[in-house]
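The sequence shown begins at 1 in UniProt numbering and counts up by one.
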Amino acid sequence: MDHNKADLRTVQVVRYITPLREGGSMPAIAEADDTFTYVLKFRGAGQGPKALIAELIGGEIARALGLRMPEIVFAYLDEAFGRTEPDEEIQDLLKASEGLNLAVHYLSGSITFDTNVTTVDARTASAIVWLDCLLVNVDRTARNTNMLLWHKELWLIDHGASLYFHHSWQNWEEKATQPFSYAKDHVLLKHATELSAVDTAFKAILTPDRINAIVALVPNEWLLIDAPFTTAKEHRQAYATFLNTRIAHSETFVKATTDARQALI
Numbered sequence: 001m002d003h004n005k006a007d008l009r010t011v012q013v014v015r016y017i018t019p020l021r022e023g024g025s026m027p028a029i030a031e032a033d034d035t036f037t038y039v040l041k042f043r044g045a046g047q048g049p050k051a052l053i054a055e056l057i058g059g060e061i062a063r064a065l066g067l068r069m070p071e072i073v074f075a076y077l078d079e080a081f082g083r084t085e086p087d088e089e090i091q092d093l094l095k096a097s098e099g100l101n102l103a104v105h106y107l108s109g110s111i112t113f114d115t116n117v118t119t120v121d122a123r124t125a126s127a128i129v130w131l132d133c134l135l136v137n138v139d140r141t142a143r144n145t146n147m148l149l150w151h152k153e154l155w156l157i158d159h160g161a162s163l164y165f166h167h168s169w170q171n172w173e174e175k176a177t178q179p180f181s182y183a184k185d186h187v188l189l190k191h192a193t194e195l196s197a198v199d200t201a202f203k204a205i206l207t208p209d210r211i212n213a214i215v216a217l218v219p220n221e222w223l224l225i226d227a228p229f230t231t232a233k234e235h236r237q238a239y240a241t242f243l244n245t246r247i248a249h250s251e252t253f254v255k256a257t258t259d260a261r262q263a264l265i
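Right, dumping it as C-alpha cells:
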C-alpha cells in the first residue's frame with residue numbers, strides 16, 4: 001500500500017491514555033511504539049479523513065514557512081487496539097479508525113496562548129495571519145486560538161478546520177482567488193502589520209514544487225471519500241491547484257486582510 005509517507009514517520013499506537021474531550025473530533029493523548037506521547041487525530045471521527053488531510057497539509061505548510069509546529073506523524077491503529085476500552089463511545093471511535101491516522105507530538109507542560117497575556121511580534125503575527133488566509137483556516141480566534149506557549153515559544157496546533165471548501169468541493173476553483181472573510185476574527189490580526197513583506201517572502205518559499213511535495217504526503221486511502229473525483233491522483237491535484245492558485249493571487253487576500261485590520265484599529 002502506497003501511503004506517500006517518505007518524509008513523515010509512521011508510528012504504531014500502543015496505549016490510549018486519555019481523550020481530549022474539548023476537541024469536537026475527540027482526539028486523544030496516546031503513546032506510540034517510539035515511546036513518545038502524541039495527540040492522536042482519528043480518521044473515524046465526525047469529519048473523517050478530511051480533517052486529517054487539512055491537519056497534514058496545513059501543518060507542513062506552516063513548518064515550511066518556519067513557524068513552530070510539533071512533529072506530525074502517521075499513526076497506525078491495529079484492529080485489536082481498544083478492545084478493552086470500557087467507554088463504548090471511545091471504543092466505537094477506535095474501531096472506526098483502524099489503520100492509518102494522524103498524530104502530532106504532545107507538548108507536555110504547554111499552556112494555551114492568551115493574547116491578553118502574551119504579545120506576539122509583528123512579523124510572527126503577520127506570518128500566522130497570512131498562513132491562515134492561505135489555508136482559509138476559520139479556527140484561530142480569541143475564542144479558540146489553537147496556539148500554545150511551550151518553553152516560552154509560540155507553537156501552532158490544530159489545522160483541521162482549514163481548507164473547509166473540501167467538505168463540499170463546491171466552486172472551489174473560484175474560492176481559490178477570493179479574500180478570506182474570516183480574517184476579521186483572527187486573534188492576531190491587530191498585530192499583523194507586516195503582511196506585505198511576509199507575502200513577498202512566503203511566495204518565494206511556497207513554490208509549486210514545494211506545495212506539490214506537501215500534498216503528495218496525503219495517503220491514497222484518505223482520498224476519494226465523499227469527493228467528486230475519479231482517482232486519488234485527481235483529488236490530490238485539486239488540493240495542489242487550489243493552494244498554488246491561491247498563492248499566485250495572494251495579493252487579493254493580503255489587501256482584504258489589511259483593510260480588515262485598519263477597520264479593527
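Here a beta-carbon is modelled for each residue, glycine too, at the ideal position from N, C-alpha and C.
Pairwise C-alpha distance: residue j and residue i
i    : j    : result
V13  : T252 : 43 Å
P208 : E194 : 24 Å
F36  : H105 : 7 Å
N101 : A32  : 12 Å
V54  : G82  : According to the sequence shown, residue 54 is Ala rather than Val. Taking the straight line from one Cα to the other gives about 26 Å.
N137 : L206 : 17 Å
T231 : L223 : 8 Å
H159 : E221 : 20 Å
K95  : K41  : 14 Å
T245 : L134 : 10 Å
T141 : D92  : 31 Å
L52  : L107 : 19 Å
S196 : L20  : 37 Å
E71  : H166 : 24 Å
D87  : V39  : 19 Å
Residue of the options minimising C-alpha distance to residue i
i    : options                : result
K50  : P179, A75, S162        : S162
A216 : H249, E60, A96         : E60
I111 : Y76, H166, T145        : T145
E174 : N212, A238, I90        : A238
L67  : G109, T141, L154, A256 : L154
G46  : V39, S25, D34          : S25
F113 : I157, S97, A192        : I157
G109 : K152, T115, V120, E98  : K152
Near the ligand NAP: residue i beta-carbon under 8 Å from a heavy atom
i    : result
M147 : No copy of the ligand NAP occurs in the structure displayed, which carries no ligand at all.
In DSSP terms, what residue i is bridged to
i           : result
M147        : L156
residue 269 : Within the shown structure, residues of the chain are numbered from 1 to 265, placing residue 269 beyond reach of any answer.
E31         : R15, T37
G99         : L77
T10         : F74
H186        : T141
H105        : Y38
T200        : Bridge partners of T200: none, in fact.
Buried versus exposed call for residue i [16 or more other C-beta atoms within 10 Å across all chains shown]
i    : result
A263 : exposed
T258 : buried
P228 : exposed
G58  : buried
S168 : exposed
S250 : buried
I225 : exposed
Supposed close pair residue i, residue j - CB separation, criterion 8 Å
i    : j    : result
L148 : T118 : Actually they are not in contact, since the Cβ atoms of L148 and T118 sit about 11 Å apart, beyond 8 Å.
Y16  : E79  : The Cβ separation is near 14 Å, so there is no contact.
I211 : A183 : In fact, because the Cβ distance is near 21 Å, the residues do not count as touching under 8 Å.
L189 : V129 : 6 Å
V198 : S126 : 4 Å
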